[in-house]
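Residue numbers (full-length UniProt numbering): 1 to 715.
Here the structure comes first, spelled out in structure tokens, and everything after it is commentary.
Written out as structure tokens, the structure is:
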């Protein structure tokens, strides 16, 4: 019998379960099974049914156009076909200074009349000036009326204008920005600087300064800044989507190539991973140093034009010496850490290489395992798309809500709900001169609208549960297939036909409840992490040092808990694939098995994962370097890439992240293969003794390398 000294000591000192006994009938994954965790399976199916009903309900009430198109004070979309606003695609604000109100950020709507117009004003003109000039040239009224309500008529006095509310007191030179008229400060004042105090009249007799004007413009900018970035991101994706697909295809080809080469040259490929990663990081250090040396330090500007704050900040971020110096320090630290880790793990690398070769051999006998990540990717894409679409429809559910808005002064009816059809016949216009019934937001008072937030939480939790279930299903199916390979005495003759398809069918038919149970636990932990992050963002301004410390502790605890649950779940799924027991029993058996062989676990698992991590980093690094050279126009001699990008780092980071996820998908097959073989190897050591009557199923190469490392010995 082969046992380690530590195993004997541990089995005497603590209860880690009884070792497996020899069973002549055991020849791999159990064929005769029963359904496990039936109750959790029923709950999971009911939860999915509720999720489908939630999607249908959201699709029936939601309207994504509310996020894409601006809405005027009557609740109509600007530029919508088949309406009077079809040719009026831009939203115009009557009183831009109302956008500085604190309540504006709560309602996400300026408390001023808003109408759809075909173009933005190009000049500064007050209503009183227009009246004076219109006596000589009637075109002034024709120009001004396009920024008034449809049925507006000229009035004689300013008081009549305030009472009717049909026209703005003044118009300012503006330009369309995300279908909104945003004041153009440069057109109004040329070379204006933050320190200037230029004054002007706003048409109501009040004197305004340019700083007030900028504040009002920034008020609108705060509302649409996120849409600004989103629109530019979409433009960049529309420009570079072909190159992104090519890059992801290259990442897939590289991942496949590395997995195939591991079968024959695992040792060489390991060192290729090492020097490849070190080389890519070294290139990053060298490039950061060049940028750091070439940039002349400039004083940081404290003023950003409206609507472009984030864009200017991003551009300035990459034009600061401190940025490149910090990145150079970070990359240097990563390089040093990798070298130190290699020095400490140098004696264990050979074990990992043998395990990788064994995994490559298993994958070569089960080529369908390399296709399975594509199925997982499709299922994950469906889950992500369903969650995103449902979230958008939930966010845009509701009917237009109208509020009483007063242009100046106070009114007891201000901010009360109103009906625009009967508003003119109420007492409000008489009691509050100039008051109007304007669109405020989308909402409702029905039971459905009262539970929108609850539905969003349900949507997020269902998304996390489904994502983890899909991953669990893949892990269990792959574990069953690779276990069939390991427990075949004569490989590949004794490997059953279609092992992956058979293992997938067993997992779905018998163990949906167990997989749902494990994924539910993990989804709950992740949901708590999301809640902690949400509370931290909402309470950020009110936090003190103690609260920040507590938040960091919670983050650390939940991170460790999530890693531990993932580790236990993964090994539990292997035991489910082997013996067909329920989730709790499988988790216990896997935990005891690992504890009885704790030293061998530390020798193999972490080293193997480190090697595979280097492979993922290498794939994403190769694609990332090529993408960086392409999108920064450094490969124009070889190939001409996109030249009109707003942010080159958008497709660059997309490709790096996408390449890493593709490599992770393929290398996760390798990781699951190695871990399954290792678990089966530990079971093999406890069941058999290496004699002719009880031979080991482990290959001689793996057994010999463990013997050479001195981690097991014959008793």
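Each residue gets a CB set at the ideal place from its N, CA and C atoms; glycine is no exception.
Remember, it's a predicted structure, so these values are computed and weren't measured experimentally.
Three Cβ pairs or more, each shorter than 8 Å: is that satisfied between the region 371-386 and the region 421-439? no
Alpha-carbon spacing of residue 679 relative to residue 571, whole angstroms: Against the chain shown, residue 679 aligns to sequence position 679. Against the chain shown, residue 571 aligns to sequence position 571. Near 8 Å, if we compare the C-alpha coordinates of residue 571 and residue 679.
Does the Cβ-Cβ distance between residue 140 and residue 167 come in under 8 Å? The residue labelled residue 140 in the question sits at position 140 within the chain shown. The residue labelled residue 167 in the question sits at position 167 within the chain shown. Not a contact, by the Cβ cut-off of 8 Å.
Limits of the unbroken beta strand (DSSP E) element including residue 91: Reading the chain shown from its first residue, position 91 is the one you call residue 91. 90-93 is the extent of the beta strand (DSSP E) around residue 91.
As a quick exercise: from 143, 120 and 121, pick the residue whose alpha carbon is nearest that of residue 131. Locating residue 131 in the chain shown gives position 131, where the first residue counts as 1. Closest by alpha carbon: 143.
At which residues does the beta strand (DSSP E) containing residue 174 begin and terminate? Against the chain shown, residue 174 aligns to sequence position 174. Counting along the chain, the beta strand (DSSP E) containing residue 174 begins and ends at 174-176.
Using the DSSP secondary-structure output, state which residues sit across from residue 116 in a beta bridge. On the chain shown, position 116 is the one that residue 116 refers to. In DSSP, residue 116 forms a bridge with 91.
With a Cβ-Cβ cutoff of 8 Å, do residue 470 and residue 568 count as a contact? Taking the first residue of the chain shown as 1, we reach residue 470 at position 470. Taking the first residue of the chain shown as 1, we reach residue 568 at position 568. No, the Cβ-Cβ distance between residue 470 and residue 568 is not below 8 Å.
Residue 658, buried or exposed, once every other Cβ within 10 Å from all chains shown has been counted against 16: Mapped onto the chain shown, residue 658 falls at position 658. Buried.
Count the C-beta pairs between the region 395-403 and the region 416-424 that are closer than 8 Å, then say yes if the count reaches three, no if not. yes
As assigned by DSSP and simplified to three states, the class of residue 691: Taking the first residue of the chain shown as 1, we reach residue 691 at position 691. Residue state, collapsed to three classes: coil.
DSSP three-state assignment for residue 204, whether helix, strand or coil: The residue you call residue 204 lines up with position 204 of the chain shown. Because the pLDDT of residue 204 is 49, which lies under 50, any placement of that residue in the model is unreliable, and the number read from its coordinates should be weighed accordingly. Three-state DSSP puts residue 204 in coil, outside helix and strand.
Could you tell me which of 629, 612, 688 and 700 sits nearest to residue 674, measuring between CA atoms? On the chain shown, position 674 is the one that residue 674 refers to. Residue 674 has its Cα closest to that of 612, out of 629, 612, 688 and 700.
Assess contact between the region 388-396 and the region 26-44, defined as three or more Cβ pairs (one per stretch) separated by less than 8 Å. Is contact present? no
Could you tell me the alpha carbon to alpha carbon distance between residue 194 and residue 183, rounded to whole angstroms? To locate residue 194, count along the chain shown from 1; it is residue 194. To locate residue 183, count along the chain shown from 1; it is residue 183. Residue confidence for residue 194 is low, a pLDDT of 39 falling below 50, so the modelled location carries little weight and cannot support an answer.
Determine the direct distance from the alpha carbon of residue 526 to that of residue 718, and round the result to whole angstroms. Past the edges of the chain, shown from 1 to 715, lies residue 718, and the structure says nothing about it.
In whole angstroms, give me the CA-to-CA distance for residue 497 and residue 360. Translated into the one-based positions of the chain shown, residue 497 becomes position 497. Translated into the one-based positions of the chain shown, residue 360 becomes position 360. Cα to Cα, residue 497 sits roughly 19 Å from residue 360.
Evaluate residue 269 with the Cβ neighbour count: other Cβ atoms within 10 Å of its Cβ, from every protein chain shown; 16 or more gives buried, anything less gives exposed. Here residue 269 refers to the residue found at position 269 of the chain shown. The residue in question, residue 269, is buried, as its Cβ has 16 or more Cβ neighbours within 10 Å.
Alpha-carbon spacing of residue 589 relative to residue 575, whole angstroms: Within the chain shown, numbered from 1, the residue matching residue 589 stands at position 589. Within the chain shown, numbered from 1, the residue matching residue 575 stands at position 575. Answer to the nearest angstrom: the Cα atoms are 7 Å apart.
Since residue 719 contacts residue 335 with CB under 8 Å, what's their CB separation in whole angstroms? This structure gives no information on residue 719, because the portion of the chain shown stretches from 1 to 715.
Alpha-carbon to alpha-carbon, residue 122 and residue 313: As a working note, residue 313 is residue 313 in the chain shown. As a working note, residue 122 is residue 122 in the chain shown. No answer about residue 313 holds up, because its pLDDT of 49 lies below 50 and its placement is not dependable.
Alpha carbons only, please: which of 76, 175 and 578 is nearest the one belonging to residue 124? Here the question's residue 124 lines up with position 124 in the chain shown. The shortest Cα separation from residue 124 among 76, 175 and 578 belongs to 175.
Cβ-Cβ distance between residue 532 and residue 555 below 8 Å: Residue 532 sits at position 532 when you count from the first residue of the chain shown. Residue 555 sits at position 555 when you count from the first residue of the chain shown. Cβ distance < 8 Å, so residue 532 and residue 555 count as in contact.
Taking residue 428 as part of the alpha helix (DSSP H), name the residues at either end of that continuous run. By one-based count along the chain shown, residue 428 stands at place 428. It spans 428-431 - the alpha helix (DSSP H) in which residue 428 sits, taken as one unbroken run.
Beta-carbon proximity list for residue 247, same chain, < 6 Å, skipping 5 on both sides: Within the chain shown, numbered from 1, the residue matching residue 247 stands at position 247. Excluding sequence neighbours, residue 247 sits near 623, 627 and 655.
For a minimum of 4 consecutive residues, which ranges assigned as the alpha helix (DSSP H) are wholly contained in the region 406-493? 428-431, 447-450 and 452-486
Does DSSP put residue 631 in a helix, a strand or coil? In the chain shown, the residue the question calls residue 631 occupies position 631. Residue 631 falls in the helix class under three-state DSSP.
Taking only three categories from DSSP, how would you classify residue 673? One-based indexing of the chain shown puts residue 673 at position 673. Residue 673: helix per DSSP, three-state reduction.
Once DSSP output is grouped into helix, strand and coil, what is the label at residue 351? As a working note, residue 351 is residue 351 in the chain shown. Reduced to three states, the DSSP call for residue 351 is helix.
Just to confirm, are residue 255 and residue 662 a CB contact at a threshold of 8 Å? Against the chain shown, residue 255 aligns to sequence position 255. Against the chain shown, residue 662 aligns to sequence position 662. Yes; because the gap between Cβ atoms is below 8 Å, this pair is in contact.
Quick one: residues in its chain with C-beta nearer than 7 Å to the C-beta of residue 328, no 5 flanking neighbours on either side, listed in chain order? Residue mapping note: residue 328 aligns to position 328 of the chain shown, counting from 1. Closer than 7 Å at the Cβ level, and outside the excluded window around residue 328, lie 285, 288, 289 and 292.
Would residue 439 pass as a contact of residue 72 if the rule is Cβ separation under 8 Å? Taking the first residue of the chain shown as 1, we reach residue 439 at position 439. Taking the first residue of the chain shown as 1, we reach residue 72 at position 72. Yes, the pair counts as a contact, with Cβ atoms nearer than the cut-off.
Taking all protein chains shown into account, do 16 or more other C-beta atoms lie within 10 angstroms of the C-beta of residue 82, making it buried, or fewer, making it exposed? As a first step, residue 82 must be located in the chain shown, where it is residue number 82. The residue in question, residue 82, is exposed, as its Cβ has fewer than 16 Cβ neighbours within 10 Å.
Return the chain-ordered list of same chain residues with a C-beta closer than 6 Å to the C-beta of residue 704, the five sequence neighbours on each side being excluded. The count along the chain shown starts at 1 and reaches residue 704 at position 704. Hits under 6 Å: none found.
Give the single residue among 74, 608 and 97 whose Cα lies nearest to the Cα of residue 354. Here residue 354 refers to the residue found at position 354 of the chain shown. If we check each option's Cα against that of residue 354, 608 comes out closest.
If you count every other CB in all the chains shown that lies within 10 Å of the CB of residue 487, and 16 or more means buried, which is it? The count along the chain shown starts at 1 and reaches residue 487 at position 487. Label assigned to residue 487: buried.
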